[in-house]
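So the structure is just underneath, and the comments pick up after that.
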């Protein structure tokens, strides 16, 4: 049976986020609940189709991880990467904010509603009625707004960039971001997607 593979991943420079597993059907428990039947092995072709969304998602998530690591590395070292001007550094931070915000909006507009037809992991709702991945989006967005406001003030000259202050703007939501990046990819992985979709449905699903 094929094992799930993803592109080479960035490694965070902050303490690792606590592991959060994607939602899965119930397994056998001490209370006597029956364990879900074991599914047959996937062929290589089936695995590629079922894992396609996860691979595409992880590619983009690696870009997010890379930029976060650059910004966080500057915070912890107290200096910008070698050769990077202040303007370039601030622009990179603002592009990170705008890119991640747009990525989430596109997911919630186009991808999640399709997946939610069969997958509770992507269903929307008010407050805690929303799936965990969408609640994570909301928390991340709140952090992005704070970071964006600070970077804009630094770029306009209203505020002088201080790495300690920038670190404070990032660390409050860093754990949920890194948890989300991993959890979303795992939820879209072949072993989970096969529980809800046919191979043909996966082949025709747009990313």
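Numbering (the numbering used here), first residue to last: 529 to 735.
Don't be surprised by glycine CBs; every beta carbon is placed ideally from N, CA and C.
Counting only residues of its own chain and dropping the five nearest sequence neighbours on each side, residue 678 has a CB closer than 8 Å to the CB of 687, 693, 694, 697.
In this structure, residue 709 lies near residue 589, with their beta-carbon atoms less than 8 Å apart.
Looking at the backbone, the Cα of residue 625 and that of residue 611 are separated by about 22 Å. Closest by C-alpha distance to residue 684, out of 671, 600, 707, 618, is 618. Excluding the 5 residues flanking it on each side, residue 629 has same chain C-beta neighbours closer than 6 Å at 672, in chain order. Taking C-beta separations shorter than 8 Å and ignoring five residues to either side along the sequence, the partners of residue 602 in its chain run 608, 609, 617, 691, 694, following chain order. Listed in chain order, the non-local C-beta contacts of residue 606 below 6 Å within the same chain comprise 691, local neighbours out to five positions each way being set aside. Rounded to whole angstroms, residue 727 and residue 640 show a C-alpha spacing of 18 Å.
Closest in C-alpha terms to residue 593, from the list 665, 705, 731, comes 705. When secondary structure is reduced to three states using DSSP, residue 582 falls in the helix class.
The residues 713, 716, 717, in chain order, have a CB closer than 6 Å to that of residue 582 in the same chain once the five nearest residues on each side in sequence are set aside. The Cβ atoms of residue 636 and residue 591 do not sit closer than 8 Å to each other.
Shown here, residue 724 sits in coil according to DSSP, grouped into three states, outside any helix or strand. When DSSP assignments are scanned along the region 570-636, the uninterrupted stretches of alpha helix (DSSP H) that are 4 or more residues long and fall wholly within it turn out to be 572-605, 614-634. Taking a contact as a CB-CB distance under 8 Å, the pair residue 622 and residue 670 does not count as one, their CB atoms being some 17 Å apart.
If you look at residue 700, you'll find it in the alpha helix (DSSP H) that goes 691-715. Taken atom to atom, the span from the alpha-carbon of residue 634 to that of residue 730 is near 19 Å. Shortest Cα-Cα distance from residue 707 to any of 720, 682, 689, 668 involves 668. Judged by their CB atoms, residue 596 and residue 646 are not nearer to each other than the 8 Å cut-off. Counting every other CB atom within 10 Å of its CB across the protein chains shown gives residue 572 a total below 16, marking it as exposed. Between residue 644 and residue 654, the CB-CB gap reaches or exceeds 8 Å.
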